[in-house]
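Asks: Under my numbering, think of the first position of the sequence shown as 104, with each following residue one higher. First the structure, which I've put down as structure tokens, then a few questions once you've had a look.
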Amino acid sequence: MSGKLFQDEAGERGSGGGWFTAHCDGGSRGNPGPAGYGAVIEDPDGGVVVKLSEFLGRQTNNYAEYKGLLAVLDWAVKSGAKRLRVVSDSELMVRQMKGRYKVKSPGLRPLWEEAQRLAMKLDGFEMRHTLRGGNKEADRLANEAMDQGTGNRE
């Protein structure tokens, strides 16, 4: 990467440069409360490559959002994916990752630092905010992880 964490908005879009897309979501029931994340990663052709989810115990929703982001970044680095677009419904996390908001929470700071470190290992990294409806499968996986973690298997 050119020393910049994020591509310019025009970036490498449309170049067919092998961009993977990850939809990630995290949540907690209560804040803090039983928490989990879910993520779906698609290859450059739009095919689902992997679905990730994990129960996180008692955590905040923002912690869960970052753990979802870390999971997709870790997957990208370990799998050799060079370019990753992340879609999240956490406006706070997206703005923190882009440097528009400071990370004031001491509990989130190490997660943010790790996400920045992992993102810098990629040739391209983009992140954008979506409304909750744009992240339905990741949300479902996060809720499923919370259900399994709390013994709520419906």
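Glycine included, every Cβ here is placed at the ideal spot set by N, Cα and C.
Does the beta-carbon of Y140 have 16 or more other beta-carbons within 10 angstroms, so that it is buried, or is it exposed?
Replies: Walking along the sequence shown from the start, residue 140 turns up at place 37. Label assigned to Y140: buried.
Asks: With a CB to CB cut of under 8 Å and the five nearest residues on each side skipped, what residues in its chain are close to A218?
Replies: Here residue 218 corresponds to residue number 115 of the sequence shown, with the count starting at 1. Cβ neighbours of A218 beyond the five flanking positions: Y169, L172, L173, L176, M200.
Asks: Do A125 and A267 have their beta-carbon atoms positioned less than 8 Å apart in this structure?
Replies: Residue coverage of the chain in this structure runs from 104 to 257, which leaves residue 267 outside it and unanswerable.
Asks: What is the DSSP secondary structure of R188, reduced to helix, strand or coil?
Replies: Along the sequence shown, read from residue 1 onward, the residue named residue 188 stands at position 85. Strand, per DSSP.
Asks: Rounded C-beta distance between R186 and G121? I'm assuming under 8 Å.
Replies: Stepping through the sequence shown from its first residue, residue 186 is reached at position 83. Stepping through the sequence shown from its first residue, residue 121 is reached at position 18. Right, their Cβ atoms sit about 6 Å apart.
Asks: Can you round the beta-carbon distance between R132 and M249 to whole angstroms, since I take them to be within the 8 Å contact cut?
Replies: Position 29 of the sequence shown, counted from the first residue, corresponds to residue 132. Position 146 of the sequence shown, counted from the first residue, corresponds to residue 249. Right, the Cβ-Cβ distance comes to about 6 Å (below 8 Å), so this counts as a contact.
Asks: Report yes if the CB atom of V189 is closer than 8 Å to the CB atom of M230, and no otherwise.
Replies: Walking along the sequence shown from the start, residue 189 turns up at place 86. Walking along the sequence shown from the start, residue 230 turns up at place 127. Yes, they are a contact pair.
Asks: Thinking C-beta only, is L221 closer than 8 Å to S156?
Replies: Stepping through the sequence shown from its first residue, residue 156 is reached at position 53. Stepping through the sequence shown from its first residue, residue 221 is reached at position 118. No. Outside cutoff.
Asks: Just the Cα atoms here: how many angstroms apart are W166 and Y204?
Replies: In the sequence shown, the residue the question calls residue 166 occupies position 63. In the sequence shown, the residue the question calls residue 204 occupies position 101. Checking the sequence shown, residue 166 turns out to be Tyr, not Trp. Distance between the alpha carbons of Y166 and Y204: 16 Å.
Asks: Among K207, G254, N164, P135, which has the Cα closest to the Cα of C127?
Replies: Here residue 127 is taken as the residue at index 24 of the sequence shown, counted from 1. With distances taken between Cα atoms, C127 lies closest to N164.
Asks: What residues are listed by DSSP as bridge partners for E145?
Replies: Counted from its first residue, the sequence shown places residue 145 at position 42. Bridge partners of E145: T124, V151.
Asks: Identify the continuous beta strand (DSSP E) that holds M223 and give its terminal residues.
Replies: Against the sequence shown, residue 223 aligns to sequence position 120. From DSSP, M223 is part of no beta strand (DSSP E); its letter is neither H nor E.
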